[in-house]
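Accompanying notes for the structure given below.
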Amino acid sequence: MIESIQQFDVELFLKIHRGLSNGFFDWLMPLMRNRFFWSPLYLFIVVFCIKQYKKQGYYIIGMALFTFAMGDLIASRLVKPWVSRVRPCNDLSLANDIIHRVPCGSGLSFPSAHATNHFAIAVFLICIFYSRWKPILPIGLFWAFIISFAQVYVGVHYPVDVTIGALLGITIGMICSRIFKKLQPDF
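For the sequence shown, the residue numbers in UniProt numbering are 1 to 187.
See below:
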């Protein structure tokens, strides 16, 4: 069973990584996974929360940071060392199939911390702001999805890595939003 899942994962990885290869994606996808590219969005969220919600805005930002920290801790410090899956770009059996679009890094692959962290933050913000601004649902999910997809496209994660990372992030985001709502019941 595990072997068939791994085989499917490798085949799907190659269909995305090599099969969708084109000049536009080669330019766009490395940007989508770059934290500096998203810095203006992060700054906007901080300024918006503080300006719009004053003291509660600081609590929102604090809980968003806590959500990120929990995602990173669980994905990178607990699960990755336990599973110890090699990144596809470091997998010797795929050496002839990898297109090097970004530096591979020496870290482990499962789950994707990018997917975990971004889905956790997106779901946290969706749960907090959905009643006030409905478009946050598709925008937040698309934002987390495109970052996760980019991880596969550039060759640093398998599809299962980002899928499980997304599910883990969704869970963390929902738990953190519930904690926030218990601490800030009048928000």
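Glycine residues also receive a C-beta, built at the ideal position from the N, C-alpha and C atoms.
The structure displayed is predicted, hence computed values, not measured ones.
Query, Result
"Under the three-state DSSP convention, the category L168 falls into", "helix"
"Opening and closing residue of the alpha helix (DSSP H) in which Q184 lies", "First-last for Q184: undefined, no H or E at that position."
"Whether G173 touches V123 by CB criterion (8 Å)", "yes"
"Identity of the residue in L14, R178, Q7, I2 nearest V156 by Cα", "L14"
"C-alpha distance - F142 paired with F119, whole-angstrom precision", "10 Å"
"Cutoff 8 Å; reference L108; Cβ partners in own chain excluding five residues on either side", "K80, P81, V83, S84, R85, V86, R87"
"Cβ neighbour criterion (16 or more within 10 Å) applied to V47", "exposed"
"Beta bridge counterpart(s) of V86 as assigned by DSSP", "L108"
"Backbone CA spacing between I98 and L92 [nearest angstrom]", "10 Å"
"Top-ranked residue by Cα proximity to M70, from L31, A113, Q56", "A113"
"Per-residue burial, P159 [other beta carbons within 10 Å of its own, 16 or more giving buried]", "buried"
"Beta-carbon spacing of F187, Q56 below 8 Å", "yes"
"Proximity of T116 and L41 at Cβ, strictly below 8 Å", "no"
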